[in-house]
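2 protein chains.
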Amino acid sequence: MISLGFHIDAADPATAARAGALSTPHGEIRTPAFMPVGTRATVKGVTPEQLVAIGAQVVLANAYHLFLRPGTDVVHDAGGIHRFMGWDRAVLTDSGGFQVFSLADTVRLHDDGVEFRSIVDGARHFWTPEDNMRIQMDLGADIVMQLDQCPPYPADKDFVASAVRRSAEWAARCKAAHTRGDQALFGIVQGGVHADLRAESVARLVDIGFEGYGIGGYSVGEPHDLMLESLAPVAELLPSDRPRYLMGVGNPTTMLEAIGLGVDLFDCVLPTRTARMGTAFSSEGRMNLRNARYARDFGPLDPACGCPVCSSYSRAYLRHLVSTKEMLGSMLLSLHNLHVLIALAGQAREAVLCGRYGAFLESWRSGSGADDY
Amino acid sequence: MISLGFHIDAADPATAARAGALSTPHGEIRTPAFMPVGTRATVKGVTPEQLVAIGAQVVLANAYHLFLRPGTDVVHDAGGIHRFMGWDRAVLTDSGGFQVFSLADTVRLHDDGVEFRSIVDGARHFWTPEDNMRIQMDLGADIVMQLDQCPPYPADKDFVASAVRRSAEWAARCKAAHTRGDQALFGIVQGGVHADLRAESVARLVDIGFEGYGIGGYSVGEPHDLMLESLAPVAELLPSDRPRYLMGVGNPTTMLEAIGLGVDLFDCVLPTRTARMGTAFSSEGRMNLRNARYARDFGPLDPACGCPVCSSYSRAYLRHLVSTKEMLGSMLLSLHNLHVLIALAGQAREAVLCGRYGAFLESWRSGSGADDY
Numbered sequence: 220m221i222s223l224g225f226h227i228d229a230a231d232p233a234t235a236a237r238a239g240a241l242s243t244p245h246g247e248i249r250t251p252a253f254m255p256v257g258t259r260a261t262v263k264g265v266t267p268e269q270l271v272a273i274g275a276q277v278v279l280a281n282a283y284h285l286f287l288r289p290g291t292d293v294v295h296d297a298g299g300i301h302r303f304m305g306w307d308r309a310v311l312t313d314s315g316g317f318q319v320f321s322l323a324d325t326v327r328l329h330d331d332g333v334e335f336r337s338i339v340d341g342a343r344h345f346w347t348p349e350d351n352m353r354i355q356m357d358l359g360a361d362i363v364m365q366l367d368q369c370p371p372y373p374a375d376k377d378f379v380a381s382a383v384r385r386s387a388e389w390a391a392r393c394k395a396a397h398t399r400g401d402q403a404l405f406g407i408v409q410g411g412v413h414a415d416l417r418a419e420s421v422a423r424l425v426d427i428g429f430e431g432y433g434i435g436g437y438s439v440g441e442p443h444d445l446m447l448e449s450l451a452p453v454a455e456l457l458p459s460d461r462p463r464y465l466m467g468v469g470n471p472t473t474m475l476e477a478i479g480l481g482v483d484l485f486d487c488v489l490p491t492r493t494a495r496m497g498t499a500f501s502s503e504g505r506m507n508l509r510n511a512r513y514a515r516d517f518g519p520l521d522p523a524c525g526c527p528v529c530s531s532y533s534r535a536y537l538r539h540l541v542s543t544k545e546m547l548g549s550m551l552l553s554l555h556n557l558h559v560l561i562a563l564a565g566q567a568r569e570a571v572l573c574g575r576y577g578a579f580l581e582s583w584r585s586g587s588g589a590d591d592y
Numbered sequence: 220m221i222s223l224g225f226h227i228d229a230a231d232p233a234t235a236a237r238a239g240a241l242s243t244p245h246g247e248i249r250t251p252a253f254m255p256v257g258t259r260a261t262v263k264g265v266t267p268e269q270l271v272a273i274g275a276q277v278v279l280a281n282a283y284h285l286f287l288r289p290g291t292d293v294v295h296d297a298g299g300i301h302r303f304m305g306w307d308r309a310v311l312t313d314s315g316g317f318q319v320f321s322l323a324d325t326v327r328l329h330d331d332g333v334e335f336r337s338i339v340d341g342a343r344h345f346w347t348p349e350d351n352m353r354i355q356m357d358l359g360a361d362i363v364m365q366l367d368q369c370p371p372y373p374a375d376k377d378f379v380a381s382a383v384r385r386s387a388e389w390a391a392r393c394k395a396a397h398t399r400g401d402q403a404l405f406g407i408v409q410g411g412v413h414a415d416l417r418a419e420s421v422a423r424l425v426d427i428g429f430e431g432y433g434i435g436g437y438s439v440g441e442p443h444d445l446m447l448e449s450l451a452p453v454a455e456l457l458p459s460d461r462p463r464y465l466m467g468v469g470n471p472t473t474m475l476e477a478i479g480l481g482v483d484l485f486d487c488v489l490p491t492r493t494a495r496m497g498t499a500f501s502s503e504g505r506m507n508l509r510n511a512r513y514a515r516d517f518g519p520l521d522p523a524c525g526c527p528v529c530s531s532y533s534r535a536y537l538r539h540l541v542s543t544k545e546m547l548g549s550m551l552l553s554l555h556n557l558h559v560l561i562a563l564a565g566q567a568r569e570a571v572l573c574g575r576y577g578a579f580l581e582s583w584r585s586g587s588g589a590d591d592y
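Respectively, the protein sequence lines represent chains Z and F.
In this text, residue positions in the first sequence follow my numbering: the first is 220, and each later residue adds one.
In this text, residue positions in the second sequence follow my numbering: the first is 220, and each later residue adds one.
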């Protein structure tokens, strides 16, 4: 059932970049777009009002974490994730498969599903693709991701191949089980850095047919060049009339390169996590605000940035907050860093609309932000 | 030099409560008023915009902490505390004397001043009253407190008596040294729970003459009844045409009782500190949101509260945030708790303006909030 309208507003003449728009029951998402991560139904340190103020159109939440706490039923009975967290724009839930494989104790993979023990309370759980779809339907996001198997990097090619196969089988089962009409289901392409496996994964998913395609299994420690090299043909193979979502990528340079290859959506914990470590993104690259050089710097965080933080606070004050470990430091830097990525994706969109993404990307590559991986 | 206008709008007929207004260079403070504490130039977990939204008229900052980090000169060179922290309403700085005596290493008290070693970097410092005035003038708050000696509780009467004497001597020296015309200096009454010492302290301070009077040395572990009993004559003795500030008190019941005795201003870290522990003030008394009873409670935090948090979030969501230790939990509960105290002081003010504070206080004493010490 098609619940997600997606159309392309413009395709860049020199690159594979697109500008598009997804319609969801909770508003439109103009792409390319960066999606803040709100794992446990909160984007750490930032209120929904602040997210609106910096132009966030959609946030992520994670089904694994919400399944464990507070429990799917609590979110469902609260009226769904939007009501629960006080966010009335779009929400995308990740299946939690990645977390199961990386966070849970004693994970046992079966063809039928995955068995795991909660690190919160030690309880044992078993998820089939159908179970996971029920959870995500109950959580009530606008976009949900299939339950997939994401291999680590590096991994044996055989292991990656079996993950591709299992993920494709589970994709089909997710589609069959996913019966909620106001919710769009995305498949997830796997295959590691193996061109043939990536192609197989795409083919199998497209054969099943999804409203959008996540590109998983990257940003797991592989070198950036290798990743982009591997990503390019994946984006070419995916249907052009469906959104492409590169999962777990959110550093400025990789995001812009990937947009050039035809990716529309991005998510990453980097902006908020690095903010809590006292680091700010800026037009001059990353700034570690613990550095003594900022102690008496009364200028704005980034003179080129128009966010609420850069309009109101000095580097000296932010450095003071960071060095005294004050909560406001994490809050303000998180807001700023999210704004940087959201605004950058917005600028990318405008460049595509004007048919000049090639020049935009070239300019970035030769600028001070380009080393920001 | 008078820089602080203070006038009484109304005096309650049945109690000693007053409603007044202080004019400062950064706006008016209508009293009774609760002052959020922003020790290190930030009210923990709350932005200046949010403070405005909940009606905060004035915030506290602490000279000891700011002297150590980022340093008085940094705040001064930023343009003063208001510019530094992005707050353009009133600011009151405490001298930091209490912190020196309770936090610093190796404190040595002299008649001339206090010697202490910073717990941040071990550096040795010596503060005379004149040094402290220079620091607070440089920080640039609207209201500054004298450097005093605050004894612990319990303490020998002789010790308390010597603290009264030393504080009065330092009060005179502070007044002589305080030469900033757009800044009001308050003396601080000491004397523990000894009526004669309290009276002596008041007499000595009034003789010197201050724009307002802090009442220190309470809220240090003494029983509440004993404190109120001791406070009553202090408030009676203080000049009625000057604001009275009960330092370190901010639980609802004590605040309302003290207003009935003639106190105008209050500060306390309780609302924000208890918020970070997952506890909310409410019209039904304190709520420990970690409690499982809230897990599926989808009603507002306090149906009787009009703050932004109670308008937007459920108890279940707040409990989820608290139990998963999410920053947003601390942020939202801090905002709510501050609003409760600010609003309660505002209601007290209205009751005084209507000449019915006695009934207001009686109603509180028999209500569900009364056990909230």
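Don't be surprised by glycine CBs; every beta carbon is placed ideally from N, CA and C.
Values in this document were obtained by computation on a predicted structure and should not be read as measured data.
Problem - CB contact flag (THR243(Z), ASP361(Z), <7 Å) - result: Yes.
Problem - First through last residue of the beta strand (DSSP E) which encompasses THR250(Z) - result: Per DSSP, THR250(Z) belongs to the beta strand (DSSP E) from 246 to 250.
Handout entry: Within the region 502 to 573 of chain F, ranges of the alpha helix (DSSP H) (whole runs, at least 4 residues)
Key = Entirely contained in the region 502 to 573 of chain F, the alpha helix (DSSP H) runs reaching 4 residues are, in chain order, 527 to 531, 534 to 542, 546 to 572.
Handout entry: CB contact check: GLY246(F) to chain Z, cutoff 7 Å
Key = At a cut-off of 7 Å, the C-beta of GLY246(F) has no neighbouring C-beta in chain Z.
Practice task
Give, in chain order, every residue of the region 297 to 309 of chain F whose Cβ lies closer than 7 Å to some Cβ of chain Z.
Solution key: Taken in chain order, the members of the region 297 to 309 of chain F whose beta-carbon sits within less than 7 Å of a beta-carbon on chain Z are ALA297, PHE303, MET304, GLY305.
Exercise for the section: Please list the partners that PRO255(F) has in chain Z, where partner means a Cβ-to-Cβ separation under 7 Å. Expected result: Chain order gives no chain Z residues near PRO255(F), where near means a beta carbon separation below 7 Å; the closest approach is about 13 Å.
Problem - Endpoints, the beta strand (DSSP E) within which ALA403(Z) is located - result: DSSP places ALA403(Z) inside the beta strand (DSSP E), whose first and last residues are 403 to 408.
Handout entry: Identified DSSP bridge partners for ARG343(Z)
Key = Beta-bridge pairing links ARG343(Z) to ARG336(Z).
Problem - Cβ-based neighbour list, MET220(F), same chain, cut-off 6 Å, excluding 5 preceding and 5 following - result: Residue confidence for MET220(F) is low, a pLDDT of 46 falling below 50, so the modelled location carries little weight; the figure read from the coordinates is stated next. Excluding positions up to five away in sequence, the list reads GLY400.
Exercise for the section: Determine, using beta carbons only, whether THR325(Z) and ARG336(Z) come nearer to each other than 7 Å. Expected result: Cβ distance < 7 Å, so THR325(Z) and ARG336(Z) count as in contact.
Handout entry: alpha helix (DSSP H) segments (min. 4 residues) lying fully within the region 341 to 387 of chain F
Key = Uninterrupted alpha helix (DSSP H) stretches at least 4 residues long and entirely within the region 341 to 387 of chain F occur at 348 to 358, given in chain order.
Handout entry: Contacts of SER337(F) in chain Z (Cβ-Cβ under 7 Å)
Key = In chain order: nothing, as chain Z lies at least about 13 Å away.
Exercise for the section: Entirely within the region 406 to 487 of chain Z and at least 4 residues each: give me those alpha helix (DSSP H) ranges in chain order. Expected result: Fully enclosed alpha helix (DSSP H) runs of 4 or longer: 414 to 427, 443 to 456, 471 to 479.
Exercise for the section: Kindly indicate which three-state DSSP category HIS226(Z) falls into: helix, strand or coil? Expected result: Note: HIS226(Z) maps to strand in three-state DSSP.
Practice task
Compare the beta carbon distance of GLN409(F) and VAL425(F) with 7 Å and say whether it is the shorter of the two.
Solution key: No, Cβ-Cβ distance for GLN409(F) and VAL425(F) is not below 7 Å.
Practice task
Assign LEU563(Z) to one of two classes, buried (16 or more other C-beta atoms within 10 Å of its C-beta) or exposed (fewer than that).
Solution key: LEU563(Z) is classed as buried because its beta carbon has at least 16 other beta carbons within 10 Å across all chains shown.
Practice task
Give a yes or no on whether the C-beta atoms belonging to THR258(F) and ASN281(F) are separated by under 7 Å.
Solution key: Contact: yes.
Handout entry: Unbroken beta strand (DSSP E) run spanning GLY305(F), endpoints
Key = Note, GLY305(F): premise wrong, no beta strand (DSSP E); not H, not E.
Problem - Partners in chain F for LYS263(Z), counting only beta-carbon separations shorter than 9 Å - result: Those within 9 Å of LYS263(Z) in chain F are GLU545, MET546, LEU547.
Practice task
Determine the burial state of SER582(Z): buried for a count of at least 16 other Cβ atoms within 10 Å of its Cβ, exposed for fewer.
Solution key: SER582(Z) is exposed by the Cβ-count criterion.
Problem - chain Z contact for TYR536(F) (CB, 7 Å cutoff) - result: So yes, TYR536(F) belongs to the interface.
Handout entry: Contact list for the region 283 to 297 of chain Z against chain F, Cβ threshold 7 Å
Key = So the close ones are ARG288, PRO289, VAL293, ASP296, ALA297.
Handout entry: For ALA578(F), three-class secondary structure by DSSP
Key = In the structure shown, the three-state DSSP call for ALA578(F) is helix.
Exercise for the section: Check whether the region 270 to 279 of chain Z touches the region 235 to 255 of chain F, taking contact to mean three or more Cβ pairs, one atom from each stretch, closer than 8 Å. Expected result: With a cut-off of 8 Å, the region 235 to 255 of chain F and the region 270 to 279 of chain Z do not count as touching, because too few Cβ pairs lie within range.
Problem - Contact between the region 572 to 579 of chain Z and the region 443 to 456 of chain F (3+ Cβ pairs under 8 Å) - result: Touching, no.
Exercise for the section: Determine whether the Cβ of ARG492(Z) lies closer than 7 Å to any Cβ atom of chain F. Expected result: Using beta-carbon distances, ARG492(Z) does not count as an interface residue toward chain F, since no partner is under 7 Å.
Handout entry: Sequence-distant residues of the same chain with beta carbon closer than 6 Å to SER533(F), five excluded per side
Key = So the list reads PHE517, once near-sequence residues are dropped.
Practice task
Measure the alpha-carbon distance for PHE500(F) versus ALA272(F) and round it to whole angstroms.
Solution key: Whole-angstrom Cα-Cα distance: 18 Å.
Problem - Chain-ordered chain Z contacts of LEU540(F) [CB-CB under 9 Å] - result: Near LEU540(F) (Cβ distances below 9 Å), the residues of chain Z are ARG259, ALA260, THR261.
Handout entry: C-beta atoms of SER587(F) and GLU455(F) nearer than 7 Å
Key = GLU455(F) sits away from SER587(F), with the two beta carbons spaced by 7 Å or more.
Practice task
Give every residue of the same chain whose Cβ lies closer than 6 Å to the Cβ of SER438(F), excluding the five residues on either side of it in the sequence, and list them in chain order.
Solution key: Same-chain partners within the cutoff: GLY467, VAL468.
Handout entry: Distance between beta carbons of ILE434(Z) and VAL453(Z), contact taken as under 8 Å
Key = Right, their Cβ atoms sit about 6 Å apart.
Exercise for the section: Say whether chain Z places a C-beta atom closer than 7 Å to the C-beta of ARG515(F). Expected result: Interface residue, yes.
Handout entry: Closer than 7 Å at the beta carbon, the chain Z residues around SER533(F)
Key = Listed along chain Z, the residues sitting closer than 7 Å to SER533(F) by beta-carbon distance are ALA297.
Handout entry: Environment of VAL379(F) [buried if 16+ CB atoms lie within 10 Å]
Key = It is buried - the Cβ of VAL379(F) has at least 16 other Cβ atoms within 10 Å.
Exercise for the section: Would you mind sorting PHE405(Z) into buried or exposed? The rule is 16 or more other CB atoms within 10 Å of its CB. Expected result: Buried is the call here.
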